[in-house]
DNA sequence: CATGAATGAGAATTCATTCAT
DNA sequence: AATGAATGAATTCTCATTCAT
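Protein chains in written order, with my numbering: chain A, 2 to 194; chain B, 2 to 194; chain C, 2 to 194; chain D, 2 to 194.
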């Protein structure tokens, strides 16, 4: 059982909120300490430096996200149901957490190589999750002759772009039934045959 | 005929290269001046400040990109050919410019609101371009009952994610024939019916 | 009771000394921080920027000067005694503070409008102080038919020029008994009748 | 006969106008070159550097001022007439040239020691001019037992302070007949006997 | 002579991090 | 453990001056 640490949690929560809203550079250490209602020095009791706080924030959010999404997918039986679940859960988490994950993902890429590796690591986990579904589906012979990696990229790329636009442009965001449209289109294609 | 300005061009080219490689914050003004082999002060003869240089760099690359892609699409007759062209040209430009466009796109989102508007403006132009194709295709009755905006998001999102990954992970990037896979999958779907 | 703040005071004292000796532009922020034996950044903990430090320095010195001079004048009964006191106190403060006030006054006028207003404000207070004495004296019918504002300008102008010269040219400065000469001359005139 | 040089004169005139309006530091070399409608480099054909241009501007104005005032005084016979003339000519030049002389005088003191000496030199000439009048008057036995140097300081200080206020605060400036008041007050005193 | 593009020394300011209390 | 005052390395930007045309 993880030891309870209120101060540390307060700092992390503030860091997540501010980093995902303003990015790494615009967020100052003092902003986080003010928001968390702790002293500036206290942050350095729990985190080596600003960069580590950033990494830990990302780690925390990603792990939450991936634990949640993995569990949801595991509850489903067929690859199709799993894919549909992935889509709906992505949307659900985006609504709930205001795209924190996607915002952090975008921001990370701007901030140097050490962070980069962690991003890649987490992103790869996400990719592998979906890739596995496609590979299973291929084995079960429910898919056409598709490349599972290309399919994965397509699937994730489409969802992320939707969610990103939803986050950035609330006016033109996708409607609830858009998810059905999206899912059907990806699976059954766009064109009349 | 635009008067040619060697120094200004050298600065812009260096800025584009460094900003897209390292992002706005990691790139120092002095780095750009060294790379362009000009004095630090010279940059301020042509650009009001670092932020403006950044904006101008983005503007330049985006306009090049959009001019090129628009022309390529106009050369095609059918919506299907246009979509295919969009895909191939995106890939071509990504190879050529080392994903500068996508790198800048990603970086912009991390750097404050004034830049954000410009991003949205350029991104919207890109979206409208594809949206138009889908709308025309719907009129010509070649598509299923799809929502053109959802289709557009899917199409662009899938492509960008591919290109982004190609840029980030050069080792695992998509092969040439992946583009065919991608295109067919998007149009004809993934699932056997 | 004002909380004492040693660092802030050290900075202000150094600023007053250097600004009045070298003026706003020749005095660098690093000079002040070195002189005050604090870090460069510490100055920015207490003052928004160099200009604010300058303003606060001026404010501090002027208020000290005006509080002192006002108190001294209030202790005197007749307009004549008040004028004499004003003269002697001006001289006393000049000796004590090395003409900081006059030096700052002179320097302020060279440094833009926002400062200018503050100068005018403080200078007006000084002028009003003397003007009041002349007006009271006129009511008491001890003065000839003089214009109180012209008299005030004359009185202050003469004193300032003396003090200024004393500060600039220490060799040729006015002797102690010069003050008596000055006072008598102003009151009784120069010319034989 | 001084060789005519239009460019140099244009630069000097602009320099005088801008330096006296904005001071040494706020006036940029490019401002002067723009105002004079010459190239920036041209200034360096005629003046070693910005400081020398400043010095030459001051020199030019002061010499004009002193030549004029000296000539005016020489035309008068008695010390009293000379003093009155000095007062009226000071006022006349202030109206005409907008206090350029006084503005430059004030600004000089803020700008380092090399300039300082020149100021002192010119100021001393002005002081000597008036001092001579008082000394002559004393010889002619028209003055009370006054110290000529104190009288000089008083006389000049009073006038400068008037002119300075006139320049800075146009609303409250001295009226024409104030000059008479001023003159009579200085000569005959303020107090009833 | 005249010019203005090019330059870099120099200055103000920011902010992550340290450390004495 | 918690704090925030103190710090200075690092960065952007300015502007007097030079010099090739």
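C-beta atoms are modelled at their ideal positions from N, C-alpha and C, and glycine is treated no differently.
Rounded to the nearest angstrom, what separates residue i and residue j at their Cα positions?
i	j	result
residue 203 of chain C	residue 54 of chain C	The structure shown does not extend to residue 203 of chain C, since chain C is modelled only from 2 through 194, so no value can be given for it.
residue 160 of chain C	residue 157 of chain D	11 Å
residue 131 of chain C	residue 80 of chain C	10 Å
residue 21 of chain B	residue 27 of chain B	11 Å
residue 138 of chain A	residue 5 of chain A	42 Å
residue 172 of chain D	residue 122 of chain C	Its pLDDT being 42, under 50, residue 172 of chain D is placed unreliably in this model, and the coordinates cannot settle the point.
residue 95 of chain D	residue 164 of chain D	7 Å
residue 16 of chain A	residue 34 of chain D	52 Å
residue 85 of chain D	residue 70 of chain D	12 Å
residue 31 of chain A	residue 23 of chain B	25 Å
residue 91 of chain C	residue 134 of chain D	28 Å
residue 40 of chain D	residue 60 of chain C	42 Å
residue 51 of chain D	residue 12 of chain D	11 Å
residue 42 of chain A	residue 181 of chain A	49 Å
residue 58 of chain C	residue 97 of chain C	17 Å
residue 29 of chain C	residue 44 of chain C	12 Å
residue 46 of chain B	residue 37 of chain D	22 Å
residue 186 of chain D	residue 49 of chain C	47 Å
residue 63 of chain C	residue 166 of chain D	19 Å
residue 93 of chain B	residue 125 of chain A	25 Å
residue 170 of chain A	residue 89 of chain A	With a pLDDT of 49 at residue 170 of chain A, under the threshold of 50, the modelled position of that residue is not reliable, and the figure given next carries that caveat. Spanning the two alpha carbons is a distance of roughly 19 Å.
residue 191 of chain C	residue 188 of chain D	5 Å
residue 18 of chain C	residue 56 of chain A	48 Å
residue 68 of chain B	residue 9 of chain B	21 Å
residue 25 of chain C	residue 7 of chain C	23 Å
residue 162 of chain D	residue 155 of chain C	7 Å
residue 72 of chain B	residue 129 of chain B	15 Å
residue 150 of chain A	residue 136 of chain A	9 Å
residue 77 of chain C	residue 141 of chain C	15 Å
residue 193 of chain C	residue 119 of chain C	42 Å
Strictly by DSSP, which residues pair up with residue i?
i	result
residue 144 of chain D	C:192
In terms of residue numbering, what span does the alpha helix (DSSP H) encompassing residue i cover?
i	result
residue 52 of chain B	51 to 75
residue 19 of chain B	7 to 27
residue 41 of chain C	41 to 47
| request: Name, going along the chain, the residues of the segment 133 to 154 of chain C whose beta-carbon falls closer than 7 Å to a beta-carbon of chain D. | output: Using a CB distance below 7 Å, the part of the segment 133 to 154 of chain C facing chain D consists of 143, 144, 145, 147, 148, 151, 152, 154, ordered along the chain.
| task | Can you give me, in chain order, the residues of the segment 36 to 50 of chain D that have a beta carbon less than 9 Å from any beta carbon in chain C? | result | Here the close residues number zero.
| task | Scan the segment 53 to 74 of chain D for residues whose Cβ lies nearer than 7 Å to a Cβ of chain C and list them as they occur along the chain. | result | If you check each beta-carbon in the segment 53 to 74 of chain D against every beta-carbon of chain C, none falls closer than 7 Å.
| At a Cβ cut of 9 Å, what residues of the segment 12 to 23 of chain D count as close to chain C, listed as they run along the chain? | Those residues of the segment 12 to 23 of chain D placed with their C-beta closer than 9 Å to a C-beta in chain C are 23, ordered along the chain.
| query | For the segment 179 to 192 of chain A, which residues have a CB atom closer than 7 Å to at least one CB atom of chain B, in sequence order? | reply | For the segment 179 to 192 of chain A, the beta-carbon criterion of a distance under 7 Å to any beta-carbon of chain B is satisfied by 179, 182, 183, 186, 187, 188, 189, 190, 191, 192.
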